[in-house]
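Encoded as structure tokens, the structure appears first; notes follow it.
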Amino acid sequence: MTRPGLPKLIATDLDGTLVRSDETVSAYTHGVLDRVRAAGIPVIGATGRGPRLTELTRNDIRAADFLVMAGGGRVVDQSDPAGPVVLRDERLSGAVLAELLAALEAEVGPLTVMVEASDEHDAPLWGDYHPGWPYQDRFEARSRTECLSIDVIKAFARTADHHVDELLEVARQIVSPQVATLTQAGLGFVEICPPGVDKATGLTVVAERLGVDPAEVLVFGDQPNDLPMFSWAGWARVAVANAHPAVRAAADETTLRNDDDGVAVYLDRLLSR
Numbered sequence: 000m001t002r003p004g005l006p007k008l009i010a011t012d013l014d015g016t017l018v019r020s021d022e023t024v025s026a027y028t029h030g031v032l033d034r035v036r037a038a039g040i041p042v043i044g045a046t047g048r049g050p051r052l053t054e055l056t057r058n059d060i061r062a063a064d065f066l067v068m069a070g071g072g073r074v075v076d077q078s079d080p081a082g083p084v085v086l087r088d089e090r091l092s093g094a095v096l097a098e099l100l101a102a103l104e105a106e107v108g109p110l111t112v113m114v115e116a117s118d119e120h121d122a123p124l125w126g127d128y129h130p131g132w133p134y135q136d137r138f139e140a141r142s143r144t145e146c147l148s149i150d151v152i153k154a155f156a157r158t159a160d161h162h163v164d165e166l167l168e169v170a171r172q173i174v175s176p177q178v179a180t181l182t183q184a185g186l187g188f189v190e191i192c193p194p195g196v197d198k199a200t201g202l203t204v205v206a207e208r209l210g211v212d213p214a215e216v217l218v219f220g221d222q223p224n225d226l227p228m229f230s231w232a233g234w235a236r237v238a239v240a241n242a243h244p245a246v247r248a249a250a251d252e253t254t255l256r257n258d259d260d261g262v263a264v265y266l267d268r269l270l271s272r
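Numbering that gives the first Met the number 0 numbers the first residue of the sequence shown as 0 and each following residue consecutively.
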């Protein structure tokens with residue numbers, strides 16, 4: 000249930016939640032987030048995007064005091080006048096990922112696999128080409144051996160024969176959470192992150208730094224990778240109307256679609272109470 004007054008921290012997912020389908024964020028949304036900060040409430044961008052997309056992320060949520068990226072594996076404090084401070088940077092062993100993928104392929108058949116290995120600006124993903132991947136300009140075909148030769152920020156996997164939710168369910172039966180965290184973010188791929196990495200554990204880093212209790216945090220999201228922060232936050236969990244059914248079911252409230260600036264509309268009303 001939504002609590003009275005105002006939350007002490009606000010975190011929002013980006014793609015599909017704050018960012019519209021045309022990959023823009025409206026001036027109205029930027030303005031409302033500026034009002035949130037002016038009210039003394041820190042803003043966090045909580046996204047599956049990896050650190051290679053930090054500049055894009057900063058542009059999409061300019062009011063953010065902190066960024067929780069890579070699904071929780073990279074946490075950055077942007078409030079320090081001296082410059083951004085990395086508070087968390089988790090990686091998944093290439094050897095562990097190789098074993099995990101072999102076990103999964105033994106169950107479901109051949110996988111299309113990509114890895115996010117570099118945090119350099121606009122670095123490409125490496126791996127198997129798939130026409131369904133929406134960001135071909137940031138992709139580079141590389142062999143499985145190359146992809147697994149180093150530790151990675153996260154990996155992406157899909158099959159031709161399974162819907163992503165079905166593949167995720169099967170993968171979770173095979174892969175222990177002590178080995179890797181599995182989720183999906185609406186891109187048609189299961190996302191494989193280091194163990195203990197999700198948006199809730201990333202937000203915990205920020206909340207502890209600020210001395211904020213999870214019960215005082217308001218969150219917005221649209222995909223299953225947002226569910227951990229929905230379980231963690233206690234002030235309110237708000238889904239956009241275009242959210243995955245599991246996210247709508249976990250939400251306390253539903254706001255308008257991302258294309259209708261649902262996050263900003265909710266916050267505008269909250270600030271105007």
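Cβ coordinates follow ideal geometry from the N, Cα and C atoms, glycine included.
field: Those residues which DSSP pairs with Leu269 across a bridge
entry: DSSP lists no partner for Leu269.
task: Indicate whether the contact test is met: 3 or more Cβ pairs, each with one atom in the stretch 31–46 and one in the stretch 57–66, closer than 8 angstroms.
output: yes
- prompt: Looking at Asp118 and Pro50, is the spacing between their C-beta atoms short of 8 angstroms?
  reply: yes
task: Please state whether DSSP places Met0 in a helix, a strand or coil.
output: With a pLDDT of 43 at Met0, under the threshold of 50, the modelled position of that residue is not reliable, and no figure is offered here.
Cβ-Cβ distance between Ala154 and Met113 below 8 angstroms: yes
- prompt: Which residues mark the beginning and the end of the alpha helix (DSSP H) in which Ala26 is found?
  reply: Ala26 to Ala37
message: Just to confirm, is the Cβ distance from Val163 to Gln183 under 8 angstroms?
response: Their beta carbons are under 8 angstroms apart, which means Val163 touches Gln183 by this criterion.
- prompt: Per DSSP, what kind of secondary structure is Trp231 in: helix, strand or coil?
  reply: helix
task: Quick one: give me the first and last residue of the beta strand (DSSP E) that Ile9 is part of.
output: Leu8 to Thr11
query: Does the beta-carbon of Gln222 have 16 or more other beta-carbons within 10 angstroms, so that it is buried, or is it exposed?
result: Residue environment analysis places Gln222 among the buried positions, since at least 16 neighbouring C-beta atoms fall within 10 angstroms of its C-beta.
- prompt: Three-state secondary structure (DSSP) at Arg61?
  reply: Coil.
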